[in-house]
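Chains as they are written, first to last, in the numbering used here: chain A, 116 to 526; chain B, 271 to 525.
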Amino acid sequence: MRTRALIVILLATQIAAHARKCIVGPQATRTIKEALALTADCDTVVVKSGHYREGTITLERSVVLLGEGWPIIDGEGAGEVVVVKAPHVTITGFVVRGTAISNLNDNAAIKCISVTDVTIRNNRVEDSFFGIYLSSVDRARVEGNQVIGDPATDENSRANGIHLWKCANVTITGNRVEHHRDGIYLEFVTDSHITRDTTAFNMRYGLHFMFSHRDSYTHNLFHDNGAGVAVMFTHDVVMTDNRFLRNCGASAYGLLLKEINDSRIERNIFADNTVGILMDGCNRAAVHANRFSNNGWAVRLFANSTDAVCESDTVSGKTSDVTTNGDLVLSLLKRNYWDRYRGYDLDRDGHGDVPYRPFGLFALVTERMPYAMVLSRSLMVQLLDESERLLPSLTPKSLEDLSPLMRPPHG
Amino acid sequence: MLKVCKYTLIDLARNRFAIGYATLLLLVSIGLFMLEGDPTKALISLTQVVLALVPLLALVFTIIYFYNQYEFTVLLAVQPLGRRNIVLAQLLAITIAMLIAFLVGIGMPVLVFAPSAAGWTLLLTGAALTAVFTAIGGWIAVKNRDRARGVGIGLVTWVLMVLVYDALLLWIMFAFSDRPIEPVIVPLAAFNPIDLARILVMLKIDLAALLGYTGAVYQQFFGSVGGMLVALCALILWVALPSWRAVSAFASKDL
């Protein structure tokens, strides 16, 4: 083991001895392109502060591109700005802007195509079409970047902030994406981790992924996005400790799950969304210890979802708790805390002695006829709701929490 | 007319029922705000109380007061006063008294605990409801000679507007659920002053954004200047029409 480590260190020093450092700035090489032409693999190109207008810069060797004092790479609307075509590239410390808006090409500020081991760290991507674009990339790290679009542009001239297509083993962490179409977009991306990112004010979804199996999403913040977060056609997803805030609108969701199998959704916070979670064709989802507050609907559980288990969640809100659209519910609610539960606990085991039925008659009516919402909180509707609660006949009987908690499970 | 109004008001100020009404509202609203930590939730509960209680009490009180004042009204009628002026003055006095009671009972706590847009909307719509149901009460009382019958009709009116109307709306929605009745439902609901008041308050308690598509539609209708004007016109109509009916009924009444 020790000799192997020694060999690694020796090799590293060998490489370091070969690697050169090339400086781009007013006193040295004038353009990044010139500097790149002089480099070999493993070199470092240090770019001093300045405004570099060089059209599309293509990296064809494994170099470290290091910005000092926030140098600006400006594509001036000519197409792509930085294109990475070699493995083991690191890009850090730049302001990148000026991609062309196009309906034919996916022009991006930083684009990596068919490479491995790329690191894009602490850059600021401004007013670009696509921000950071990874296509067929294995083992990449996108960290601490600010990808901020122009709030004034319309949806057709916006694209995704961080866009991944057919990648694996990618870590996206500590980024901030605002005013794009989708904040973070993943398609065919497997075994990746998305952590501590913030996406806000994006026109469509804060996070959008499809066919992206075995990924995890933790400690992210998604707020004020046009339609919240949408995840589709994926299995083995882990979503924990995220916050989904203020995603309001006619078809907006905190979290939209469509055709998701075997996922874990834990300790997330859903507040002020039109719908907290919408589960459509969602099998074996474990919804555990989440907090729902002030959502129009906390959970909409479509009848085509089976074996979803909602446990230890805290639900408080002004309108509906859990609704469904069918008569048969094959999912389970247990040991949740419901703000509106009015039962009692005679044996003092912490669980209410009468079941809680979150799906009221009025919720059922509005599920079928949304415009009936005009009667919300009318005295008559409340009487109907109350009678249905006492003698359930129309609402699906299986949608009930047999052991609701008397106190919130956390704090 | 102003003199009649003034003396009726002085009489009302000593009325035990009017004072009791103000106290009841005050207790209910303060109690709700104290019990519920979240002022928005308290406001929602309070809205429900206001929407049920205020019309009922305004209606019943006006009717009973009119019957109690019958002899005084007859006395006034033999004076050189216009009959229309007498009824209008009495209606005005009762409305003012009920409004004061409402503002003391609900207005003060709301302004202290929840001085938000929703709070103001509740106050305005509650005040409008008071005026509407006082006018309706006056009409019923003038129209019917028998006291028990008058009170009975008042109660039936209340039940019709609070419960039956909504049930009817719901039935219409069910019956025509496969047709695009959405554009009809909003004006239909807005036609009932109680429903109108409820929708206006609910829209302000930022529920609209949470109610998805329908909420957005209602917000679009009532949030616009045109929608507000329609709402205002509806309420004014609900005050003016019964008042006019009361006045004209009294003008030709055999005392």
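Cβ coordinates follow ideal geometry from the N, Cα and C atoms, glycine included.
Treat the numbers as computed from the prediction; the structure is a model and nothing was measured.
When DSSP labels each residue in this structure, what does residue i get in the three-state scheme?
i         : result
A:Ser-331 : strand
B:Ile-356 : helix
A:Tyr-456 : coil
A:Trp-185 : coil
A:Arg-296 : coil
B:Gly-301 : helix
A:Leu-301 : strand
A:Phe-245 : strand
A:Phe-477 : helix
B:Phe-520 : helix
A:Leu-509 : coil
A:Thr-231 : strand
A:Tyr-486 : helix
A:Met-521 : coil
A:Phe-337 : strand
A:Met-318 : coil
B:Tyr-451 : Checking the sequence, you will find Ile at residue 451 of chain B rather than Tyr. Coil at B:Ile-451, not helix or strand.
A:Arg-472 : coil
A:Asp-436 : strand
A:Met-354 : strand
A:Thr-94  : Here chain A covers residues 116 to 526 and nothing more, so residue 94 of chain A does not appear.
A:Arg-361 : coil
B:Val-434 : helix
A:Val-444 : coil
A:Ala-401 : strand
A:Arg-492 : coil
A:Arg-135 : coil
B:Val-509 : helix
A:Glu-381 : strand
B:Arg-284 : coil
A:Val-204 : coil
Residue i touches chain A at which residues, Cβ-Cβ below 9 Å?
i         : result
B:Val-432 : Ser-493, Leu-494, Met-495
B:Met-498 : Simply none; closest approach about 17 Å.
B:Met-271 : Per Cβ cutoff of 9 Å: no residues; B:Met-271 is ~37 Å from chain A at best.
Since residue i meets chain A, which of its residues come closer than 8 Å, beta carbon to beta carbon?
i         : result
B:Ser-447 : Arg-483, Met-484
B:Gln-318 : Arg-492, Leu-494, Gln-497
B:Met-472 : Ser-491, Arg-492
B:Met-304 : Near B:Met-304 there are no residues of chain A at all, since even the closest Cβ is about 19 Å away, more than 8 Å.
Chain B partners of residue i, CB-CB under 8 Å?
i         : result
A:Val-489 : Leu-439, Ile-455, Val-456, Ala-459, Asp-465, Ile-469, Thr-484, Tyr-488
Considering only C-alpha positions, which residue in the set the options is nearest to residue i?
i         : options                                    : result
B:Phe-461 : B:Pro-385, B:Val-500, B:Gln-489, B:Gly-493 : B:Val-500
A:Ile-309 : A:Asn-317, A:Phe-316, A:Tyr-300            : A:Tyr-300
A:Arg-379 : A:Val-489, A:Ala-487, A:Val-352, A:Val-198 : A:Val-352
A:Asn-405 : A:His-166, A:Pro-523, A:Asn-238            : A:Pro-523
A:Val-528 : A:Gly-467, A:Asp-387, A:Asp-464, A:Tyr-471 : Outside the displayed range of chain A (116 to 526) lies residue 528 of chain A, so it cannot be described from this structure.
B:Val-380 : B:Ala-510, B:Ile-475, B:Phe-303, B:Ile-464 : B:Phe-303
B:Phe-267 : B:Ala-384, B:Ile-475, B:Arg-417, B:Ile-469 : Residue 267 of chain B falls outside the range modelled here, since chain B spans only 271 to 525, and no answer is possible.
B:Tyr-340 : B:Thr-278, B:Ala-405, B:Thr-427            : B:Thr-278
A:Leu-279 : A:Asp-306, A:Ser-250, A:Arg-256            : A:Ser-250
A:Thr-314 : A:Gly-465, A:Leu-494, A:Ile-263, A:Val-346 : A:Ile-263
Run through chain A and tell me which residues come within less than 7 Å of residue i, C-beta to C-beta.
i         : result
B:Ile-376 : Simply none; closest approach about 17 Å.
B:Glu-452 : Tyr-486
B:Ala-322 : Leu-494
B:Asp-436 : Leu-490, Ser-493, Met-495, Val-496
B:Met-368 : Those do not exist, as B:Met-368 stays about 21 Å from chain A at its closest Cβ, beyond 7 Å.
Since residue i sits in a beta bridge, which residues does DSSP pair it with?
i         : result
A:Lys-373 : A:Met-347, A:Asp-395
A:Lys-449 : A:Glu-426
A:His-308 : A:Thr-286, A:Ser-331
A:Lys-226 : A:Val-198, A:Tyr-248
A:Met-325 : A:Glu-302, A:Met-347
B:Ile-289 : DSSP lists no partner for B:Ile-289.
A:His-466 : A:Leu-520
B:Tyr-488 : Per DSSP, none; premise fails for B:Tyr-488.
A:Arg-212 : A:Asp-189, A:Glu-241
A:Ser-408 : A:Ala-386, A:Ser-431
B:Val-421 : According to DSSP, B:Val-421 bridges with nothing at all.
A:Leu-174 : A:Val-199
A:Val-179 : A:Thr-159, A:Thr-205
A:Tyr-368 : A:Gly-343
Relative to the ligand ZN, is the shortest distance from any of its heavy atoms to the C-beta of residue i smaller than 7 Å?
i         : result
B:Leu-525 : This structure does not include the ligand ZN; it has no bound ligands of any sort.
- Let me know the beta strand (DSSP E) ranges lying completely inside the region 250 to 289 of chain A, each 3 residues or longer, listed in chain order. Unbroken beta strand (DSSP E) runs of no fewer than 3 residues, entirely contained in the region 250 to 289 of chain A, are found at 253 to 258, 261 to 263, 277 to 280, 283 to 288, following chain order.
- Query: Could you give the uninterrupted runs of the alpha helix (DSSP H) lying entirely in the region 137 to 170 of chain A, keeping only those of 4 residues or more?
  - Reply: 147 to 153
- Completely contained alpha helix (DSSP H) runs for the region 334 to 386 of chain B, where each covers 4 or more residues: 340 to 347, 353 to 372, 378 to 383
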